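Take a look at the structure set out below.
Protein chains: 4
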Amino acid sequence: MFEFPIRVYWEDTDAGGIVFYANYLKFFERARTEWLRSLGVQQAGLREATGGIFVVSETAVRFLRPARLDDELLVTARLESAGRASLIIAQRASLRAAGALLAEGTIRIGWVDAASLKPGRIPPAILERLYP
Amino acid sequence: MFEFPIRVYWEDTDAGGIVFYANYLKFFERARTEWLRSLGVQQAGLREATGGIFVVSETAVRFLRPARLDDELLVTARLESAGRASLIIAQRASLRAAGALLAEGTIRIGWVDAASLKPGRIPPAILERLYP
Amino acid sequence: MFEFPIRVYWEDTDAGGIVFYANYLKFFERARTEWLRSLGVQQAGLREATGGIFVVSETAVRFLRPARLDDELLVTARLESAGRASLIIAQRASLRAAGALLAEGTIRIGWVDAASLKPGRIPPAILERLYP
Amino acid sequence: MFEFPIRVYWEDTDAGGIVFYANYLKFFERARTEWLRSLGVQQAGLREATGGIFVVSETAVRFLRPARLDDELLVTARLESAGRASLIIAQRASLRAAGALLAEGTIRIGWVDAASLKPGRIPPAILERLYP
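Which chain is which? The protein sequence lines are R, D, V and U, in order.
Using our numbering, read the first sequence as starting at 1254 and increasing by one per residue.
Using our numbering, read the second sequence as starting at 1254 and increasing by one per residue.
Using our numbering, read the third sequence as starting at 1254 and increasing by one per residue.
Using our numbering, read the fourth sequence as starting at 1254 and increasing by one per residue.
Shown next, in the form of structure tokens:
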């Protein structure tokens, strides 16, 4: 399972003293990007090579426990399913020390033309990397 | 239906040239906050009066069309259902001019003690305001 | 003096219970954008018409007093000086109710080609609007 | 010289295709936090131990070159001067590969009581760690 460490800074917190929930979407994206990179899929390079980019088309997230300033999280990314035009990635954020689950969810990303943003078919070379 | 206008600034966009999807959660929250305020429910005041706050416990959002710099959006908020400890709010963001739907979703907010963050029962005075 | 109202939401605060200082740069930019719009200078339109955009090249900000959740701010923008390639804008954020000054600073924005990001001369039509 | 690596993700960019300038303040803070941590100064722990926190009271930043999606930056932090109640930290962000300087600035942080936010004297134990 791919895991990516993320530290909580002031920028991530809100006046409740905890990580602002919307920021878990950022944490998930950092982990997802590094997971794709670890499979040889680099987004900036892809855009130049293919004219396409992944965009997020759907998110479903549950927020279970709060994280606080200076906490160290581990964020996972795992391919749940792949279609011709979109992928569903399952992700979780946990406290590194205690292992407590903080947030979990699924993110659907679709392949689109970078200029028109119209949906297209995911390049086969990318799909092959996802199913090694 | 409660509607709140939101303008798109540079801070809201990403290198795809469009509004960064996670920012719709911020837009939804601004509209939700103003909707609650319009019903007489003010969050900073509530915290002082009751020691409790609403926290987001679940979000499900679909992103349908992109918005761009300088676009004007209308964001709605509507109570979908209310339990003793949480509310589900349905929200939509549309382009003000064309009316095109950009994103829609549901946000569950739960009532918690501001210090311990433990779930509690929503004060009846708040529930009454939601069902006038 | 151009003034723009801004409400503080959860997204703007940090675990200190106050507005996260870096967010004043966002507040300043919203007010600056609306000030330019009030003078007939619309950034998205300009980019299409001229191929150029304003980018921020320098910021100097002092943070004097904290703002909190639900506070209403007034943010000002005023042209301090204009050169051929850049403008310096003076900006202030105050509490609407009490008038207390929260943050103040100067922002230098330079005119660049949107594709190459190379500096260029501010279109005369824009400068004319700034000095009516 | 303390250096901290930072990767550019979608969340950091804007519709100009580059890192949104205000986000360099976040990058600087991450590096500053890790620099303090490397000297044994941990902010969440300090707050519990002393009731005080550092807050940013002044920032001056120049933005020289753009960074883009997937770029790897190195961000430095160096004590420029220390007074009884505040520190000035000099910081720079560069491209890791080419070494090109992207942004540089100084950040003044002041010591305040976490509850009242009133300025106070920096605990001597912290100052000692800064001047080993």
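Ideal Cβ positions, reconstructed from N, Cα and C, are used throughout, including at glycine.
All values reported here derive from a predicted model rather than from experimental measurement.
If you ignore the 5 residues before and after residue 1373 of chain R, its C-beta comes within less than 8 Å of the C-beta of 1305, 1338, 1364, 1365, 1366, all in its own chain and listed in chain order. Counting only the Cα atoms, residue 1380 of chain D lies some 45 Å from residue 1270 of chain U. A residue is called buried when at least 16 other Cβ atoms come within 10 angstroms of its Cβ; residue 1268 of chain R meets this threshold and is buried. Per DSSP, residue 1323 of chain U has no beta-bridge partner at all. In chain order, 1314, 1315, 1317, 1343, 1344, 1345, 1346 place their CB closer than 8 Å to the CB of residue 1357 of chain V, counting only its own chain and leaving out the 5 sequence neighbours on each side.
Nearest neighbour of residue 1283 of chain V by Cα position, chosen from D:1350, D:1261, D:1360, D:1320, turns out to be D:1261. Taking the beta carbon of residue 1266 of chain R as reference, the chain V residues within 9 Å of it are 1266, 1267, 1268, 1269, 1273, listed in sequence order.
Under a criterion of Cβ atoms nearer than 9 Å, no residue of chain D is adjacent to residue 1256 of chain R; the nearest Cβ is some 21 Å distant. Under the Cβ distance rule, residue 1301 of chain V does not count among the residues neighbouring chain D, no pair being separated by less than 8 Å. By the rule that beta-carbons nearer than 8 Å mark a contact, residue 1263 of chain D touches chain V.
Residue 1359 of chain D has its alpha-carbon roughly 12 Å from the corresponding atom of residue 1311 of chain R. In terms of beta-carbon proximity, residue 1283 of chain U lines the interface with chain R, with at least one pair separated by less than 8 Å.
Linking residue 1328 of chain V to residue 1276 of chain V through their CA atoms gives a straight-line distance of about 13 Å. Residue contact check for residue 1382 of chain U against chain R: no CB pair falls below 8 Å. Chain R places a beta carbon closer than 8 Å to that of residue 1322 of chain V, counting this residue as a contact. Fully contained in the segment 1278 to 1319 of chain R are the following beta strand (DSSP E) runs of length 3 or more, in chain order: 1305 to 1316. The beta carbon of residue 1378 of chain U does not come within 8 Å of any beta carbon belonging to chain R, so the residue lies off that interface. The beta carbons of residue 1325 of chain V and residue 1297 of chain V sit about 27 Å from each other, so the pair does not count as a contact at 8 Å.
At a cut-off of 8 Å between beta-carbon atoms, residue 1308 of chain U makes contact with chain V.
Cβ atoms of residue 1320 of chain V and residue 1355 of chain V come within 8 Å of each other, at about 5 Å. In the structure shown, residue 1377 of chain D adopts helical secondary structure according to DSSP, grouped into three states. Closest in C-alpha terms to residue 1279 of chain D, from the list D:1382, D:1292, D:1258, comes D:1258.
Not one beta carbon of chain D lies nearer than 8 Å to the beta carbon of residue 1368 of chain V. Nearest C-alpha to residue 1290 of chain V among V:1352, V:1256, V:1368, V:1265: V:1256. In the three-state scheme derived from DSSP, where H, G and I count as helix and E and B as strand, residue 1366 of chain R is classed as strand. The C-beta of residue 1344 of chain R comes no closer than 8 Å to any C-beta of chain U. Take residue 1287 of chain R, set aside five residues on each side of it, and the residues of its chain with a beta-carbon closer than 6 Å to its own are 1257, in chain order. When beta bridges are read from the DSSP output, residue 1259 of chain U appears opposite U:1326.
Taking all protein chains shown into account, residue 1274 of chain R has 16 or more neighbouring C-beta atoms within 10 Å of its C-beta and is therefore buried. In chain order, 1382, 1383 place their CB closer than 7 Å to the CB of residue 1292 of chain V, counting only its own chain and leaving out the 5 sequence neighbours on each side.
For residue 1331 of chain U, the three-state secondary structure derived from DSSP is strand. The Cβ atoms of residue 1322 of chain R and residue 1266 of chain R lie closer than 8 Å to each other. Inclusion of residue 1362 of chain V and residue 1308 of chain V in the CB contact set at 8 Å is warranted, their separation being smaller than that value.
Going by beta carbons, residue 1285 of chain V and residue 1335 of chain V fall outside the 8 Å limit. Here residue 1301 of chain R is exposed, its C-beta having fewer than 16 other C-beta atoms within 10 Å.
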